[in-house]
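Student:
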Amino acid sequence: MQHLAAKHSGKVRLTRRAFCLRPQPDPTVRFKGTYREAAWQRASASGADVGITFRMWTRDDFPTTSLPAQQAAKAAERLGPDAFETAHLALFRAFFEEEVNIGSREEVIEVIRRAGLPLEGFLAEYEAPGLREAVLAEYFDAVHTHGISAIPTVVIGSEAPIVGAVPLAEYERLLAKHQPA
Numbered sequence: 138m139q140h141l142a143a144k145h146s147g148k149v150r151l152t153r154r155a156f157c158l159r160p161q162p163d164p165t166v167r168f169k170g171t172y173r174e175a176a177w178q179r180a181s182a183s184g185a186d187v188g189i190t191f192r193m194w195t196r197d198d199f200p201t202t203s204l205p206a207q208q209a210a211k212a213a214e215r216l217g218p219d220a221f222e223t224a225h226l227a228l229f230r231a232f233f234e235e236e237v238n239i240g241s242r243e244e245v246i247e248v249i250r251r252a253g254l255p256l257e258g259f260l261a262e263y264e265a266p267g268l269r270e271a272v273l274a275e276y277f278d279a280v281h282t283h284g285i286s287a288i289p290t291v292v293i294g295s296e297a298p299i300v301g302a303v304p305l306a307e308y309e310r311l312l313a314k315h316q317p318a
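Using this note's numbering, the letters of the sequence shown correspond one by one to residues 138 to 318.
#1: Under the three-state reduction of DSSP, which class applies to Val237: helix, strand or coil?
#2: Taking only three categories from DSSP, how would you classify Thr165?
#3: Return the chain-ordered list of same chain residues with a C-beta closer than 6 Å to the C-beta of Phe168, the five sequence neighbours on each side being excluded.
#4: In three-state terms, what does DSSP make of Thr290?
#5: If contact is defined by three or more beta carbon pairs under 8 Å, each pair taking one atom from either stretch, is the region 232-244 in contact with the region 264-283?
#6: Mapping DSSP to helix, strand and coil, what is Val149?
#7: Under 8 Å Cβ to Cβ from Val149, same chain only, skipping five residues before and after it: list those, please.
#8: Quick check on this structure: which residue in Thr202, Trp177, Ala180 has the alpha carbon closest to the alpha carbon of Pro162?
#9: Express the C-alpha separation of Gly267 and Gly217 in angstroms, rounding to a whole number.
#10: Whose C-alpha, out of Lys314, Leu151, Ala265, Ala274, is nearest the C-alpha of Ala212?
#11: Assuming the contact rule is C-beta atoms closer than 8 Å, Leu226 and Ala209 should be a hit. Round their C-beta distance to whole Å, please.
#12: Tell me which residues share the same chain as Pro298 and place their Cβ nearer than 6 Å to its Cβ, disregarding the 5 neighbours each side in the sequence.
#13: Taking its Cβ as the centre, do 16 or more other Cβ atoms sit within 10 Å of Tyr308, making it buried, or is it exposed?
#14: Do Val248 and Ala231 have their beta-carbon atoms positioned less than 9 Å apart in this structure?
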């Protein structure tokens with residue numbers, strides 16, 4: 138999405154909201170041989186056109202929730218838009234390219250540290266009262282008000298939402314339909 142916003146500077150507005158893969162930890166979650174593995178393989182093809190490599194998950198501890206990562210992104214957002222973009226991309230790459238367990242608070246904080254965000258300020262926001270509730274409120278609003286059930290969900294103009302990762306060309310096609318003549 139950052140690629141599209143940069144390419145269409147001033148014409149594309151990204152509005153991001155927290156969307157937990159699982160708001161409550163589910164200890165039965167597995168990767169190998171599940172729909173998660175199949176979706177990961179499909180997403181791998183879509184990410185190639187913007188330089189994202191999806192490395193298949195080999196660890197035994199697939200995240201049982203994404204709440205720690207969502208809270209980290211929200212904490213970074215409170216530090217400013219640049220901090221959010223840095224954290225968002227670092228967390229995305231950590232999960233999909235480096236097999237970081239984004240359900241682990243410690244691993245998420247290490248990702249943020251490596252990304253170069255000011256750790257003291259980040260931790261103050263990450264541990265601030267109400268952060269978890271703010272993330273969950275965005276998630277429940279997406280699910281119950283807007284009917285969103287998966288990520289990414291992209292809305293372009295009055296088109297039906299695009300659910301799931303699709304090739305960049307599909308977003309470009311829909312954006313072209315909505316450009317003024």
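All C-beta atoms, glycine included, are put in the ideal place defined by N, C-alpha and C.
Tutor: According to the structure shown:
#1: For the purposes of this step, residue 237 is taken as the residue at position 100 of the sequence shown. Looking at Val237 - three-state DSSP - the assignment turns out to be coil, as it is neither helix nor strand.
#2: The count along the sequence shown starts at 1 and reaches residue 165 at position 28. Reduced to three states, the DSSP call for Thr165 is coil.
#3: Stepping through the sequence shown from its first residue, residue 168 is reached at position 31. Within the same chain, and ignoring the five residues on either side of Phe168 in sequence, the residues whose Cβ sits closer than 6 Å to its Cβ are Glu174, Trp194, Phe199.
#4: Along the sequence shown, one-based indexing puts residue 290 at 153. Per DSSP, reduced to three states, the secondary structure at Thr290 is strand.
#5: These segments do not touch.
#6: Indexing the sequence shown from 1 puts residue 149 at position 12. Coil, per DSSP.
#7: The count along the sequence shown starts at 1 and reaches residue 149 at position 12. Excluding residues within five positions, the ones whose Cβ falls inside 8 Å are Leu141, Ala142, Leu312.
#8: Here residue 162 corresponds to residue number 25 of the sequence shown, with the count starting at 1. Ranking the options by Cα distance to Pro162, first place goes to Thr202.
#9: Within the sequence shown, the letter at position 80 stands for residue 217. Within the sequence shown, the letter at position 130 stands for residue 267. Across the structure, Gly217 and Gly267 are spaced so that their CA atoms are roughly 18 Å apart.
#10: As a working note, residue 212 is residue 75 in the sequence shown. Among Lys314, Leu151, Ala265, Ala274, the Cα nearest to that of Ala212 belongs to Ala265.
#11: The sequence position of residue 226 within the sequence shown is 89, counting from 1. The sequence position of residue 209 within the sequence shown is 72, counting from 1. Approximately 12 Å separates the beta-carbon atoms of Leu226 and Ala209; this is outside 8 Å, ruling out the contact.
#12: The residue labelled residue 298 in the question sits at position 161 within the sequence shown. Cβ neighbours of Pro298 within its own chain (closer than 6 Å, five residues either side excluded): Thr290, Val292.
#13: Numbered from its first residue, the sequence shown carries residue 308 at position 171. Result: buried.
#14: Position 94 of the sequence shown, counted from the first residue, corresponds to residue 231. Position 111 of the sequence shown, counted from the first residue, corresponds to residue 248. The criterion of a C-beta distance shorter than 9 Å is satisfied by Ala231 and Val248.
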